[in-house]
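Undergrad: Those letters in the sequence shown? Residues 3 to 140, by our numbering. Note that CB positions come from ideal geometry on N, CA and C, so glycine has one too. All of these numbers come straight from a predicted model, not from anything done at the bench. Before I ask anything, here is the structure I am working with.
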Amino acid sequence: MSGYDPQVEKLLAFSVEQYRELLQHAQKLSVILEERNPAQVSEYVSRQQQLQTAASRQDELLLPLLKADLTLWEQHRLYQMRYEFIRSILALNKLLLPKIRGMMAVTSAELGQLRGGRTFLAGYAPPAADRRGLRGVG
3 MSGYDPQVEK
13 LLAFSVEQYR
23 ELLQHAQKLS
33 VILEERNPAQ
43 VSEYVSRQQQ
53 LQTAASRQDE
63 LLLPLLKADL
73 TLWEQHRLYQ
83 MRYEFIRSIL
93 ALNKLLLPKI
103 RGMMAVTSAE
113 LGQLRGGRTF
123 LAGYAPPAAD
133 RRGLRGVG
């Protein structure tokens, strides 16, 4: 017997898959940020947050089980894979966060300019016709 609890291994395998998906999603987000498409960025950031929330919930179940015998689990292949995925995600997030914030700031500034332009252009609207004196014949 290997000494590993099969239930914990199952949770660990699921966690590895979650972090693999998170990393792949973050890598796609990096490409989308380079394309500078704000609508897609917003959608991908939202999905990234959903994936991170799901992984955090899974970790709430998994981490206490791993901590019970951490020295044993640290040697497990799945634990090491999970650790590497997390490290990669953190490094990528550190690079992506400033880009996301920058794009959001530019988008916000552009929206502000559009709103200001619409207000400015409203001053050029023709006045409403005064129709009080216009009556038909008869």
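Round the Cβ separation of glutamine 60 and phenylalanine 16 to the nearest angstrom and send it over; I've been treating them as touching at under 8 angstroms.
TA: Yes, glutamine 60 and phenylalanine 16 are in contact; Cβ-Cβ is about 7 angstroms, under 8 angstroms.
Undergrad: Please look up how many angstroms separate the CB atoms of glutamine 20 and alanine 57, rounded, as I've assumed it's under 8 angstroms.
TA: With 8 angstroms as the limit, glutamine 20 and alanine 57 qualify as a contact, their Cβ atoms being about 4 angstroms apart.
Undergrad: Indicate whether histidine 27 and leucine 53 have their beta-carbon atoms separated by less than 8 angstroms.
TA: Yes. Within cutoff.
Undergrad: In whole angstroms, give me the CA-to-CA distance for alanine 41 and leucine 13.
TA: Their backbone Cα atoms lie some 35 angstroms apart in a straight line.
Undergrad: Under the three-state reduction of DSSP, which class applies to glutamate 11: helix, strand or coil?
TA: Looking at glutamate 11 - three-state DSSP - the assignment turns out to be helix.
Undergrad: Nearest by alpha-carbon distance to arginine 22: which of Glu45, Arg117, Lys96 and Leu92 is it?
TA: That would be Leu92, whose Cα lies nearest to the Cα of arginine 22.
Undergrad: Count the other C-beta atoms from every protein chain shown that fall within 10 angstroms of the C-beta of valine 10, then say buried if there are 16 or more, exposed otherwise.
TA: Valine 10 comes out buried.
Undergrad: Reducing DSSP to helix, strand and coil, say where arginine 79 ends up.
TA: Looking at arginine 79 - three-state DSSP - the assignment turns out to be helix.
Undergrad: Is the distance from the Cβ of leucine 98 to the Cβ of serine 44 below 8 angstroms?
TA: No.
Undergrad: With 16 other CB atoms within 10 Å as the buried threshold, where does leucine 68 fall?
TA: Buried, since its Cβ has 16 or more Cβ neighbours within 10 Å.
Undergrad: Glycine 5 and leucine 72: beta carbons closer than 8 angstroms?
TA: In this structure, leucine 72 does not lie closer than 8 angstroms to glycine 5 by Cβ.
Undergrad: Would you mind working out which of Glu37, Glu36, Gln82 and Leu94 sits nearest valine 18, comparing C-alpha positions?
TA: Checking every option, the nearest Cα to that of valine 18 belongs to Gln82.
Undergrad: Indicate the three-state DSSP secondary structure (helix, strand or coil) for arginine 38 in the structure shown.
TA: DSSP places arginine 38 in coil when its eight states are reduced to three.
Undergrad: Output needed for glutamine 29: all residues of its chain with C-beta closer than 8 angstroms, excluding positions within five of it in sequence on either side, in chain order.
TA: Cβ neighbours of glutamine 29 beyond the five flanking positions: Leu94.
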